[in-house]
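Below: one structure, written as C-alpha cells.
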RNA sequence: GGCCCCGUCGUCUAGCGGUUAGGAUCCAUGGUUUUCAUCCAUGUUACAGGAGUUCAAUUCUCCUCGGGGUCACCA
C-alpha cells in the first residue's frame with residue numbers, strides 16, 4: 282500500500298508552502314487508495330510548542346484534509362531512536378566522537394581559510410585509546426568516503442552525489458543522547474511504512490545522508506519526490522516573514538478551502554489546460570509526474586479569481602453557512618435567496634460578500650457627494666416623488682418584477698429615459714452610484730424600507 | 001566558495017524534433033447592463049545567450065549567463 286506523510290515541525294502556524302506539499306502527499310495517497318499520515322517533528326524542545334501543533338491541526342481541519350491513523354509525535358519516541366543508535370554502535374557502523382565544540386569550530390575555520398569544504402575529519406572514526414575527560418561524546422555514523430549516492434526522485438529524475446563531495450561522518454546523536462533530524466526521519470519513515478516521500482526541494486541535499494542511514498540499518502529506501510520551492514516576489518524561498526503565509530489567515534480574509542486548495546494544486550502542478558479542480562478531480566487526476574521542475578512565485582491574483590469563481594458557483598444555502606464566521610447570520614433571512622443571487626457574483630471573498638450584504642441591509646445614513654451632484658439634478662426629486670407615490674398606491678409588492686413594472690410606468694408616464702429614474706433612485710436606496718439591479722434591491726428591502734429610503738432622500742435634498 | 005536543482009508571456013502554466021508557441025490570470029479595448037460587478041468578444045506580451053547534433057530545434061547535448069537551494073550537536 283502506498284503511504285505518504287506530512288511531517289511538520291511545530292515552530293509556528295501552517296505555512297502555505299507546507300500546505301502544498303501536504304496536499305500533494307494527501308492527493309497521491311488518496312489516488313492510490315493508500316494512506317496519508319501525520320508526524321509531528323517536535324524534537325527541538327526549545328523551539329516547539331503545543332500551540333503550534335494545534336494551529337497546524339486546526340488548519341487541516343478547516344481544509345478538510347484528514348489524515349489516516351494516529352498522529353506520531355517524535356518527542357515520544359526517544360527510546361526507539363536510542364535503540365537503533367545502540368544497534369549501529371554495536372555493529373561498528375557508528376562511533377563516539379569526543380571532539381570538543383572548540384576543536385570542531387577550529388577545524389572548520391582552518392578548512393574555510395584553506396578554501397576547503399567544511400567537514401568532520403574522522404578523528405575518532407577508528408579511535409581506540411582512552412577518551413579525553415570531561416567531554417560527553419556525540420555519536421557519528423560511518424558514512425562512505427567514496428562512491429556515489431543516487432537519489433531516485435520522481436520529480437527531478439535520478440540525482441547523483443559523490444560521497445567525497447558531500448558526505449562526512451555526521452552526528453546522529455547529540456551529546457545529551459538525543460537523536461538528530463536526519464536520523465529520526467529515516468527511522469520514523471521506515472517504521473511508519475512510508476514508501477513515497479514528498480517534501481520540499483530544500484531537502485534534496487539532505488537526502489544522501491538519510492540514504493546512508495537507510496543503508497546502515499538495512500531499510501528499504503523510499504521513492505522521493507522533491508517538490509520545487511514556492512518563492513516570494515523577490516524570488517527567494519517563501520518564509521514566515523513574507524506576509525500572508527499563514528494558512529488560517531486565508532480563512533480570515535474570506536477565502537474558501539476549495540479555492541485555496543485549487544490554487545495550490547495548480548502551483549507547480551498541472552493537468553493540461555485545466556484550471557478548476559474539485560476535490561474529487563484532484564484525487565483522481567493528481568500525478569507527481571506532472572509536477573513542474575522549476576520553482577514558482579507566490580502571487581495571489583489567481584487565488585482571488587478562483588475564490589470569486591467558487592463563491593459565484595456555490596448554492597445560497599451553502600453560502601449562508603460559510604458567511605456566518607464573518608458576522609452575518611443569513612440562514613433564516615426571508616430574502617436570503619434573492620440577496621445572495623444578486624450579490625454572490627460581486628464579491629471576491631466571503632468577507633467582502635458579508636460586507637456587501639450588510640451594506641445593502643443598512644439604511645444609508647449619508648449619501649456620496651459626487652453621486653448626489655450627478656443624480657439629484659433637474660427633475661430628480663419630482664421623479665422620485667412620482668415613483669414613491671406609485672409604491673404607496675400599490676399594496677402587494679414582492680418580486681423584483683413587481684418593482685420593475687412600477688419603474689416602467691413612471692418612465693413612460695413622464696416620458697423620460699430609464700437613467701433618469703435609475704440614478705436618483707439608486708442614490709436614494711444605496712447612497713451611492715453603483716450596486717445591484719434596483720428592482721432586486723427593492724425586493725430585498727421590501728415595500729416599507731423602500732418607501733423609507735425614498736422619503737429620506739427626498740427630505741435630505 | 002563546494003555540491004545540487006532550475007530557466008516558455010508580469011504571474012501560474014501547456015508543449016515531450018516539424019505548432020500561426022496554446023490556456024489561465026492580470027492589464028487594455030469593445031459589447032451586454034439605467035450604474036457598478038458578473039458575463040461575452042477582441043487585443044498587447046514569452047522560448048536567457050552561444051555552440052553543436054539533425055533535413056528540421058522551445059524540445060536532445062555541451063558551455064556561458066542568470067536564479068534558487070543546501071552545506072549544524074535546527075528541522
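Numbering (the working numbering), first residue to last: 282 to 742. Glycine included, C-beta positions come from ideal geometry on N, C-alpha and C. This structure is a prediction, so every number in the text was calculated from the model and none was measured.
For residue i versus residue j, is the C-beta distance shorter than 8 Å?
i	j	result
residue 289	residue 299	yes
residue 723	residue 669	no
residue 592	residue 725	no
residue 376	residue 414	no
residue 628	residue 642	no
residue 453	residue 406	no
residue 672	residue 687	yes
residue 512	residue 480	no
residue 418	residue 378	yes
residue 563	residue 340	no
residue 463	residue 440	no
residue 639	residue 436	no
residue 509	residue 448	no
residue 664	residue 714	no
residue 617	residue 609	no
On the DSSP bridge list, what partners appear for residue i?
i	result
residue 452	421
residue 745	The shown model of the chain, from 282 to 742, leaves out residue 745, and the question about it has no answer.
residue 480	507
residue 559	Paired residue(s): none; residue 559 is not in a bridge.
residue 791	With the chain represented from 282 up to 742, any question about residue 791 goes unanswered, as that position is not in the structure.
residue 460	454
residue 572	550
residue 354	321
residue 296	527
residue 578	512
residue 518	512
Need the endpoints of the alpha helix (DSSP H) that residue i sits in, please.
i	result
residue 365	359-371
residue 389	382-394
residue 491	488-498
residue 623	617-624
residue 590	582-593
residue 685	681-695
residue 537	It is not in any alpha helix (DSSP H) - residue 537 carries neither H nor E in the DSSP assignment.
residue 707	699-711
residue 731	719-741
residue 610	Residue 610 -> no alpha helix (DSSP H), and no H or E assigned at all.
residue 669	661-674
residue 314	Counting along the chain, residue 314 falls outside any alpha helix (DSSP H), and DSSP gives it neither H nor E.
residue 653	650-656
residue 641	631-642
residue 444	444-447
In whole angstroms, give me the CA-to-CA distance for residue i and residue j.
i	j	result
residue 292	residue 343	20 Å
residue 408	residue 450	14 Å
residue 535	residue 630	5 Å
residue 652	residue 659	14 Å
residue 312	residue 287	16 Å
residue 346	residue 307	7 Å
residue 523	residue 514	9 Å
residue 661	residue 705	6 Å
residue 765	residue 606	The chain is shown from 282 up to 742; residue 765 falls before or after that span and cannot be answered.
residue 602	residue 613	10 Å
residue 654	residue 719	20 Å
residue 459	residue 584	43 Å
residue 444	residue 316	34 Å
residue 498	residue 370	11 Å
residue 334	residue 321	8 Å
residue 359	residue 557	45 Å
residue 384	residue 566	54 Å
Near residue i, which residues of its chain fall below 6 Å by C-beta distance, leaving aside the five closest residues on each side in sequence?
i	result
residue 621	597 and 600
residue 541	531
residue 456	417 and 419
For the beta strand (DSSP E) that residue i lies in, which residues bound it at each end?
i	result
residue 744	Since the displayed the chain opens at 282 and closes at 742, residue 744 lies outside it and no answer follows.
Once the 5 residues before and after residue i are set aside, which same chain residues still bring their CB inside 7 Å of it?
i	result
residue 476	283, 284, 503 and 504
residue 337	289, 291 and 295
residue 393	399
So, for residue i: in the same chain, excluding its five sequence neighbours on each side, which residues have a beta-carbon less than 8 Å away from its beta-carbon?
i	result
residue 560	345, 539 and 542
residue 690	671
residue 548	301, 511, 577 and 579
residue 699	688 and 692
residue 492	430, 432 and 502
Would you check whether the ligand PLP has a heavy atom nearer than 7 Å to the C-beta of residue i?
i	result
residue 313	Ligands in the displayed structure: none, and consequently the ligand PLP is not present.
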